[in-house]
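In our numbering, the protein residues as written are 434 to 618.
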């Protein structure tokens, strides 16, 4: 993951004005106040989905592909005043991975999905243009289906779905649904 500060990620959810989660169909609820396990002080090793009936349960640290073991762990920031004393996770080129690679496949069968992520985005470290992922179930390379949430290099939020017919970041089979600039102050 690129430098993003995650506070809350909900997939297939609805929310009221008080941010109370309601939701038939809710499959993912990652809340930094719940289900976070740390080691070495404040380094996150696991974040557990609060929707107990869904297959994707734990999002865990992964050292594969990292030169320094443990460097991929985000940091837990506790009691952040700006968000009424709630906790948050800070990702700076780190990731948490759920290894049930088929858990989210049903979202691409035509019924659609809704997702909500409350994030504070830092300046991006540009590697692959406009691909700074905050959520996804895609593999690298090949024609794989999946969804992903990202920000552009200038921090505009976008979501995309891939259907595996073609490989491409953005084409007629793999759309980039980009938020308008007017959303951001």
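For every residue, glycine included, the Cβ atom is placed at its ideal position computed from N, Cα and C.
None of the values given here were measured: they were computed from a predicted structure.
Along the beta strand (DSSP E) that carries residue i, what are the first and last residues, could you check?
i: residue 467; result: Careful: residue 467 lies outside any beta strand (DSSP E) and carries neither H nor E.
i: residue 568; result: 565-569
i: residue 478; result: 476-481
i: residue 584; result: 578-584
i: residue 591; result: 590-596
Mapping the DSSP letters down to three states, classify residue i as helix, strand or coil.
i: residue 460; result: coil
i: residue 515; result: helix
i: residue 606; result: coil
So, are the CB atoms of residue i and residue j less than 8 Å apart?
i: residue 501; j: residue 541; result: no
i: residue 571; j: residue 589; result: no
i: residue 508; j: residue 477; result: yes
Leaving out the 5 sequence neighbours to the left and right, which residues in its chain are closer than 6 Å to residue i when beta-carbon positions are compared?
i: residue 565; result: 435, 557, 583 and 584
i: residue 576; result: 597 and 600
i: residue 492; result: 480, 529 and 531
Below 8 Å CB to CB, which residues in the same chain sit around residue i once its five sequence neighbours on both sides are set aside?
i: residue 499; result: 505
i: residue 519; result: 440, 465, 466, 512 and 513
Shorter than 7 Å, the distance from the beta carbon of residue i to the closest heavy atom of the ligand GDP, or not?
i: residue 503; result: Here there are no bound small molecules, and the ligand GDP is not part of this structure.
Which same chain residues end up closer than 7 Å to residue i when comparing Cβ atoms and leaving out the 5 residues on each side of it in sequence?
i: residue 490; result: 481 and 482
i: residue 457; result: none
* Asked: What residue ranges within the segment 486-549 form continuous beta strand (DSSP E) runs of no fewer than 3 residues, ordered along the chain?
  -> Correct list: 491-493, 508-513 and 519-524.
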